[in-house]
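Residue numbers (the numbering used here): 2 to 359.
Here a beta-carbon is modelled for each residue, glycine too, at the ideal position from N, C-alpha and C.
Just below is one structure, and these are the notes that go with it.
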Amino acid sequence: MPLDTNQAQPTPAPSGHDFAPFRAGQLVSSIDTLKASWQIYKTHWRKLAMLMLLMLGVIALPMGIMMAILFASVFLPNLKNFAGNPAEIMNLLFTSSSTITILIFIVVYLLVTVVSIFFQITLMTTVATLETGKDLKTSFKITWQKFGSLVWVGFIYGLVVMGGYLLFIVPGIIFAIYYGFCMYTCLLEDKRGWAALARSKEIVQGFSWSILRRGILLIVAQFVLILVSMIPVIGWVVNLASPFIMAPLFAIYFFSIYTNLSDLKARGVQKDNLSDVDKLATVGIVLIPMALIILVVGFASFMQSKMNQLKFPPDGQYQGQPGTSQDLDIEDWTSQDIENYQKMMDRLKNQPNYPALN
Numbered sequence: 002m003p004l005d006t007n008q009a010q011p012t013p014a015p016s017g018h019d020f021a022p023f024r025a026g027q028l029v030s031s032i033d034t035l036k037a038s039w040q041i042y043k044t045h046w047r048k049l050a051m052l053m054l055l056m057l058g059v060i061a062l063p064m065g066i067m068m069a070i071l072f073a074s075v076f077l078p079n080l081k082n083f084a085g086n087p088a089e090i091m092n093l094l095f096t097s098s099s100t101i102t103i104l105i106f107i108v109v110y111l112l113v114t115v116v117s118i119f120f121q122i123t124l125m126t127t128v129a130t131l132e133t134g135k136d137l138k139t140s141f142k143i144t145w146q147k148f149g150s151l152v153w154v155g156f157i158y159g160l161v162v163m164g165g166y167l168l169f170i171v172p173g174i175i176f177a178i179y180y181g182f183c184m185y186t187c188l189l190e191d192k193r194g195w196a197a198l199a200r201s202k203e204i205v206q207g208f209s210w211s212i213l214r215r216g217i218l219l220i221v222a223q224f225v226l227i228l229v230s231m232i233p234v235i236g237w238v239v240n241l242a243s244p245f246i247m248a249p250l251f252a253i254y255f256f257s258i259y260t261n262l263s264d265l266k267a268r269g270v271q272k273d274n275l276s277d278v279d280k281l282a283t284v285g286i287v288l289i290p291m292a293l294i295i296l297v298v299g300f301a302s303f304m305q306s307k308m309n310q311l312k313f314p315p316d317g318q319y320q321g322q323p324g325t326s327q328d329l330d331i332e333d334w335t336s337q338d339i340e341n342y343q344k345m346m347d348r349l350k351n352q353p354n355y356p357a358l359n
């Protein structure tokens, strides 16, 4: 059965409810969506932070057990052989006990993956039920009941989007936008499998440009966060607080967009009112950073190739014949080439700072 938080018809939310601005019959702007999401987070931050703390604790538990098993089975019996050398520790870890180690890593990796997915879905469930005042226990119960269906929908979504990206990126972006709310349609509207993706596309159609703009804002926010996290001290604080703030905030942001579009579609609003100029600007916002990234990466690769040509390889190959741009083996040098090279080395040896040049 669908959760009771789903609004099949556009009924006004009671005054003071968190997501009421997104059920007002109008498309909320990107900035206002982010601001409202922040206000909702501040109202429920204790509950959301507790959920994230539980997730980190549960994930840390199997990791700790794995380290304890490795310490007891590999490290303790061979402490005398380590001699404080990390290389010897890693060599012992992946050779003498390779079978045990690989099995432990596989089991722990699978366990951590399942736990992470479960808590990510629980975060979605918690955000979707914030207005109802339900506790975390109820969120865990709902997640457990729908876990299989949600994992299957997420798997299909991942395959579709990945296939789109393999078709030269743009189809992947389109599929990600069209089917991005499939988890919510499964969770709140009881749609399963391909029906969840179809319902997501039905909600998104007519608003894809608006969703793209909201996604761009989120990417910009994440990019700024990454830059801030590189600052000493401040970055440490940001990285420490990020799981407790950014993950719940982004979940609220996405659910707010879903709530807004679902309400508009229920009211009969079929498309946004973005002008062609706004759409063109959106394309520019997407393409310009991509072009800059390609140029920077290309320039860095070009400079790296040039730097590699200036180096003497360790195998005795001379990179570049004097006066030419072609690679030439030392064995192919003429007597004049060798004489020129010896004269050059003699001049370098007469320089006062010659040792520094080596």
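Short Cβ contact (8 angstroms threshold) for residue i with residue j
i	j	result
Ser140	Thr126	yes
Val205	Ile212	yes
Leu52	Thr123	yes
Ile143	Ile105	no
Val162	Ile253	no
Tyr179	Ser209	yes
Leu1	Leu111	No statement about residue 1 is possible, as the shown extent of the chain runs from 2 to 359 and does not include it.
Ile41	Leu131	yes
Phe251	Leu296	no
Gly165	Pro172	yes
Pro244	Leu57	yes
Pro249	Leu54	no
Gly207	Gln121	no
Asn261	Val108	no
Arg268	Gly65	no
Phe176	Phe148	no
Three-state secondary structure (DSSP) of residue i
i	result
Asn341	helix
Leu275	coil
Gln223	helix
Leu137	helix
Val29	coil
Gly207	coil
Thr260	helix
Asp191	coil
Ile369	Nothing in the structure corresponds to residue 369, since the chain is present only between 2 and 359.
Tyr180	coil
Met346	helix
Lys47	Looking at the sequence shown, residue 47 is not Lys but Arg. Residue state, collapsed to three classes: helix.
Thr1	No answer is possible for residue 1: it lies beyond the span of the chain, which begins at 2 and ends at 359.
Gly269	coil
Met125	helix
Pro233	coil
Burial state of residue i (16 or more Cβ within 10 Å)
i	result
Asn274	exposed
Asp264	buried
Gln318	Residue placement at Gln318 is flagged as unreliable, the pLDDT there being 47, under the threshold of 50; the coordinate-derived value follows with that caveat. By the 10 Å Cβ count, Gln318 comes out exposed.
Tyr259	buried
Val225	exposed
Met231	exposed
Arg215	buried
Ala301	exposed
Met345	exposed
Glu340	exposed
Lys135	buried
Leu168	exposed
Leu281	exposed
Lys43	exposed
Ser201	buried
Leu19	In the sequence on display, residue 19 carries Asp and not Leu. It counts as buried.
CB contact below 8 angstroms: residue i versus chain C
i	result
Trp237	Given the protein chain composition of this structure (a single chain), no chain C is represented.
Residue i Cβ short of 7 angstroms to the ligand PLP heavy atom set
i	result
Arg47	Within the structure as shown, the ligand PLP is missing, as the structure has no ligands at all.
* To do: Examine the Cβ distances between the segment 157-168 and the segment 182-199 and report whether three or more of them are shorter than 8 angstroms.
  => yes
* the segment 33-45 in contact with the segment 246-260 per 3-pair CB rule at 8 angstroms -> yes
* Asked: Are the segment 239-248 and the segment 285-304 touching by the rule of at least three beta carbon pairs closer than 8 angstroms?
  -> no
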